[in-house]
Amino acid sequence: MTEMEIHLTVNRSSYTVIAEPCSTLLEVLRNQLNLTGTKEGCGAGDCGACVVIMDGLAVNACLVLAAQAEGKQIITVEGLAQDNQLHPLQQQFAEKWAMQCGFCTPGILLSCYALLLNNPYPSVEEIREAISGNLCRCGTYQSVIEAVLATAKMGEIQA
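What follows is the structure, given as structure tokens:
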């Protein structure tokens with residue numbers, strides 16, 4: 001196959017990568033940009049471990065071809081913290097114990113972040129809907145909801 005050049009912005013930095021047309025965004029993030037916080041769980045879009053933000057929306061990076069990310073703004077879990085400060089949502093996840101083994105945490109964090117970007121004061125039902133594509137073996141869903149509600153109450157969500 002012929003490789004292609006792809007230009008994208010990841011965590012506020014511009015990158016040009018060379019990838020096969022069949023490469024996924026997940027593969028580029030992990031294998032070329034070394035952003036390993038984005039996890040591959042199922043590789044089929046069912047578990048949510050690979051969720052990233054693309055132009056403000058939560059997407060499963062395993063289902064997005066790298067070429068589809070051309071010119072897009074991507075945020076991974078590594079891009080939430082800034083200036084050595086946890087993002088308020090990350091801080092609330094820690095304070096509310098919204099993670100246990102941690103495998104699903106990046107995807108759930110980014111699903112919640114996308115929700116808060118588009119709806120700064122979500123209801124419990126809206127939070128449940130936002131994380132409905134994220135599987136957590138440890139069952140931290142109630143703590144996740146509490147963390148999102150606490151973050152919304154703070155009113156400090158920034159892109």
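Heads up: the sequence shown is residues 1 to 159, going by my numbering.
Note that beta-carbon positions come from the ideal geometry of N, C-alpha and C, so glycine has one too.
On a predicted model such as this, the values are computed, not experimentally measured, just so you know.
- For N119, the three-state secondary structure derived from DSSP is coil.
- As DSSP reads the structure, A58 sits in a beta bridge with I53.
- With 16 or more other Cβ atoms inside 10 Å of its own Cβ, V17 counts as buried.
- The criterion of a C-beta distance shorter than 8 Å is not satisfied by A94 and H87.
- Assigned with DSSP and collapsed to three states, A98 falls in coil, not helix or strand.
- With a contact defined as Cβ atoms closer than 8 Å, L116 and A152 qualify at about 6 Å.
- Straight-line spacing of the CA atoms in G71 and R30 works out to 19 Å.
- Look at the beta carbons and you see the region 134-143 touching the region 98-113: at least three pairs across the two are nearer than 8 Å.
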